[in-house]
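Have a look at the structure below before the remarks.
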Amino acid sequence: MNLLESRAVAKIYRPQSGWLARKADGTVAVRDVSLTIGAGESIALIGGSGSGKSTLARLMLGLERPTSGAVRFKGKDLSDLSSLEKRAMRRELQMIFQNSLAAFDPLFTVEQIIAEPLRNYGMRGSALRSRIGETMEQVGLDRELSGRLPRELSGGQQQRVGIARAIALRPQLILCDEPLSSLDAAHRRQVITLLESLKRQLGLAYLFITHDLSSIERLCDTVYVMHEGLLVEKLSGEGMLQQAKHPYTVQLLEAIPILEPGQRASRA
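Quick note on numbering: my numbering labels position 75 of the sequence shown as 94, and the sequence is numbered without any gaps.
Here's what the structure looks like:
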């Protein structure tokens, strides 16, 4: 089953008023992009700053409307969804942010952060407490941390809280916006292992938005490379990174830091 798909999606930003609005062609952020995310599938959108990957992610989450083309969730065009249907969709689509600390209310405890989306969808009492405890255990957080504030946690713990909040509602798809870039190598490996485990346990699908290919091959079934608003290459299957042919993809690969012995040699 296809969870989320884009069909010939484009996004053009034009000036809203004045002489430029009449004369300018606008800035093309995304050009005729089609991709599909199936149930339990992990894909990545890779590209540098200005490649269009973040704009495409916003379009696919329904945060912006495409200039042309369509985005569908479980076969339904997002532009046709009612308010109730959009609310139901948001329960199924959650996010993990690059900087979890910035995404938290600084006055909320760990327990309150995880509880917030659950309360928003009506969970209360013993069911709420049970789900919080279960979720903390799933991401490897000790219950003793439940009363801590975000600033009292390590970077790795903060990211685990962000992951806990994302999985608390048991979504089908999680958008991961540069989830590893703020972590050191040791915590990065731990979070990769955790994301793999959660995918198996909960049947999650992931959409990774990143500029870093170093960890994607382990996490993803398919990698889409974006450059100047276009999908320039699709890589999939075992040894996907060795399949790279487009010059821009090769350039991204050459910029990857060596994290493991022999890693660079394996790409030669």
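By construction, the Cβ of each residue, glycine as well, lies at the ideal position given by its N, Cα and C atoms.
- Under 8 Å by Cβ, that's how I've got residue 80 and residue 112 pegged, so tell me the actual separation to the nearest angstrom. Stepping through the sequence shown from its first residue, residue 80 is reached at position 61. Stepping through the sequence shown from its first residue, residue 112 is reached at position 93. Their Cβ separation, rounded to whole angstroms, is 6 Å, which keeps residue 80 and residue 112 in contact under 8 Å.
- Message: If you measure between the beta carbons of residue 182 and residue 221, is that distance less than 8 Å?
- Response: Taking the first residue of the sequence shown as 1, we reach residue 182 at position 163. Taking the first residue of the sequence shown as 1, we reach residue 221 at position 202. Result no, Cβ atoms of residue 182 and residue 221 do not sit closer than 8 Å.
- Specify the secondary structure class of residue 341 as computed by DSSP and reduced to three states. The structure shown does not extend to residue 341, since the chain is modelled only from 20 through 287, so no value can be given for it.
- Query: Under three-state DSSP, which class holds residue 285?
  - Reply: For this step, residue 285 is matched to residue 266 along the sequence shown. Confidence in residue 285 is poor, its pLDDT being 43 and thus under 50, which makes the residue's placement unreliable; the coordinate value appears in the next sentence. Residue 285 falls in the helix class under three-state DSSP.
- Could you give the residue range of the beta strand (DSSP E) that holds residue 101? The sequence position of residue 101 within the sequence shown is 82, counting from 1. Segment: none, residue 101 is in no beta strand (DSSP E) and carries neither H nor E.
- Task: Answer with buried or exposed for residue 46, where buried requires no fewer than 16 other C-beta atoms within 10 angstroms of its C-beta.
- Result: Here the question's residue 46 lines up with position 27 in the sequence shown. Exposed, because fewer than 16 other Cβ atoms sit within 10 Å of the Cβ of residue 46.
- Message: Is there a C-beta anywhere in chain D that falls below 8 Å from the one on residue 46?
- Response: Given the protein chain composition of this structure (a single chain), no chain D is represented.
- Just the C-alpha distance for residue 267 and residue 261, rounded to the nearest angstrom, thanks. Position 248 of the sequence shown, counting from 1, holds the residue named residue 267. Position 242 of the sequence shown, counting from 1, holds the residue named residue 261. About 14 Å.
- Task: Leaving out five residues on either side along the sequence, give the residues of the same chain with a beta carbon under 6 Å from the beta carbon of residue 230.
- Result: Numbered from 1 along the sequence shown, position 211 holds the residue referred to as residue 230. Around residue 230: 67.
- Item | Between the CA atoms of residue 98 and residue 279 - distance to the nearest angstrom | Translated into the one-based positions of the sequence shown, residue 279 becomes position 260. Translated into the one-based positions of the sequence shown, residue 98 becomes position 79. Confidence is the limiting factor: at residue 279 the pLDDT is only 48, short of 50, which leaves the residue's position unreliable and the question unanswerable from this model.
- Item | Cβ contact check for the region 52-69 and the region 240-256: 3 or more pairs under 8 Å | yes
- Would you list, in sequence order, the uninterrupted beta strand (DSSP E) runs of no fewer than 3 residues that lie entirely inside the region 32-99? 46-57, 61-65 and 87-92
- Message: Using C-beta distances below 7 Å, list every residue in its chain close to residue 272, excluding the 5 sequence neighbours before and after it, in chain order.
- Response: In the sequence shown, residue 272 corresponds to position 253, counting from 1. Contacts found: 232, 260, 263 and 286.
- Around the Cβ of residue 356, are there at least 16 other Cβ atoms within 10 angstroms (buried) or fewer (exposed)? Limits of the chain in this structure are 20 at one end and 287 at the other, which puts residue 356 out of reach.
- Can you tell me the Cα-Cα spacing of residue 151 and residue 269, whole angstroms? Sequence index remark: in the sequence shown, residue 151 carries index 132 (1-based). Sequence index remark: in the sequence shown, residue 269 carries index 250 (1-based). Distance between the alpha carbons of residue 151 and residue 269 is about 43 Å.
- Message: Per DSSP, what are the beta-bridge partners of residue 21 in this structure?
- Response: Taking the first residue of the sequence shown as 1, we reach residue 21 at position 2. Its beta-bridge partners are 57.
- Could you spell out where the beta strand (DSSP E) holding residue 113 opens and where it closes? Translated into positions along the sequence shown, residue 113 becomes position 94. Here the beta strand (DSSP E) through residue 113 covers 112-115.
- Item | Proximal residues to residue 70 (C-beta, below 6 Å), its chain only, five neighbours per side dropped | Position 51 of the sequence shown, counted from the start, is the residue given in the question as residue 70. Cβ neighbours of residue 70 beyond the five flanking positions: 245 and 246.
- Message: For residue 50 and residue 250, what's the separation of their Cα atoms in angstroms?
- Response: Working through the sequence shown from its first residue, we reach residue 50 at position 31. Working through the sequence shown from its first residue, we reach residue 250 at position 231. Computed Cα separation, rounded: 8 Å.
- Message: Closest to residue 139 by C-alpha separation, out of 106, 54 and 84, would be which residue?
- Response: The sequence position of residue 139 within the sequence shown is 120, counting from 1. Nearest option by C-alpha distance: 106.
- Item | Option in 223, 22 and 137 with minimal Cα separation from residue 56 | Along the sequence shown, read from residue 1 onward, the residue named residue 56 stands at position 37. Nearest C-alpha to residue 56: 22.
- How long is the line joining the alpha carbons of residue 255 and residue 198, rounded to whole angstroms? Stepping through the sequence shown from its first residue, residue 255 is reached at position 236. Stepping through the sequence shown from its first residue, residue 198 is reached at position 179. Each residue's alpha carbon lies about 21 Å from the other.
- Query: Taking only runs of the beta strand (DSSP E) that begin and end inside the region 141-209, which ones reach a length of at least 3 residues, in chain order?
  - Reply: 192-196
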